[in-house]
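Scroll down for the structure; my scribbles are underneath it.
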Amino acid sequence: MAIIQLPPPREIFLDFDGFLVDSHPLINASYRHAYEKMGLPRPSDEELKKNLKGSGLKSFPAIFGKKSDLAWEHYTKFYREHQFDPDIGVKPIEGAEEFLATLYAFNKLPIIATNKLGEFTEDEIQHFGWQDYIRFTVGSGDAGDGDMDKPNPALLHLAIRRLGSEPSPQDWMCGDTMTDALTAQNYGCVPIIVSKKIKHSVPGAYHFDSIEELTASTRMALTQTDHRLIL
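Counting in my numbering, the sequence shown runs from 121 upward without gaps.
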């Protein structure tokens with residue numbers, strides 16, 4: 121397992137979908153349901169992949185125009201009804217809980233910064249029993265309209281203001297997409313990307329093939345700081 125020397129973090133921001141949980145089957149099914157309800161042709165895999173790159177608050181008006189509010193209702197209703205379905209429901213990514221537990225052991229509670237609705241994210245955190253591992257969540261729309269979601273750093277700035285603090289280049293933004301890397305770049309902190317597909321993103325980014333590799337490197341970085349280890 122490759123261990124990379126990471127700079128010790130101050131605050132840690134984590135993406136959620138694709139980083140801690142696998143929600144793509146449910147998101148894709150929810151999009152297809154919305155398309156069907158709105159009388160549109162079934163979207164291709166490429167269309168769905170494009171939709172996943174941004175915030176729903178931004179993509180729905182572009183797809184559904186003046187009927188985007190109704191389409192959003194269909195989407196969110198389907199998502200809610202199937203959120204923990206054994207077949208297409210949201211599931212933890214292997215190694216995610218160990219990563220969170222490692223942060224907790226060093227008294228470093230992360231902030232979730234996601235382009236998903238905060239209420240869905242918080243439901244999933246509770247369902248998986250992760251509530252003690254997470255400081256709080258900032259989600260889609262919390263900082264304004266869809267234009268304020270990632271890669272705009274507004275969600276991270278909102279979180280820092282809630283802490284009564286200021287942005288620091290020592291903060292981490294961890295995720296699995298270019299959107300997360302660009303968010304870190306726009307905010308001015310350390311980008312950390314876990315993806316076998318993305319090997320190069322933005323200057324100064326650290327890349328890992330798995331969250332297990334990130335966990336090992338994070339443990340080493342935190343051991344070098346004076347954060348209290350919870351025994």
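Just so it is clear, CB atoms sit at the ideal spot from N, CA and C, and this is done for glycine as well.
- Nearest C-alpha to H320 among L302, P145, S285, L220: L302.
- Just so you know, the alpha carbons of I123 and V310 end up roughly 17 Å apart.
- For W250, there is no enclosing alpha helix (DSSP H), as DSSP gives it neither H nor E.
- DSSP, read as helix, strand or coil, puts F184 in helix.
- Short of 7 Å from the beta carbon of R339, and not among the five residues preceding or following it, lie these beta carbons of its own chain, in chain order: T222.
- Contact check for A274 and G264: beta-carbon distance about 6 Å, within the 8 Å limit, so the pair qualifies.
- Under the three-pair Cβ rule at 8 Å, the segment 170 to 189 does not count as touching the segment 200 to 209.
- By the criterion of at least three beta-carbon pairs nearer than 8 Å, the segment 283 to 298 is in contact with the segment 135 to 149.
- Residue burial annotation: S285 is exposed, with fewer than 16 other C-beta atoms found within 10 angstroms of its C-beta.
- Under the three-pair Cβ rule at 8 Å, the segment 325 to 338 counts as touching the segment 124 to 135.
- F198 is not a Cβ neighbour of A233, given a cutoff of 9 Å.
- One alpha carbon belongs to H247, the other to K187, and they sit about 32 Å apart.
- In the DSSP assignment, M340 is bridged to no other residue.
- Taking the CA atoms as reference points, D300 sits about 10 Å from N272.
- Rounded to whole angstroms, the separation of the alpha carbons of V258 and Q251 is 14 Å.
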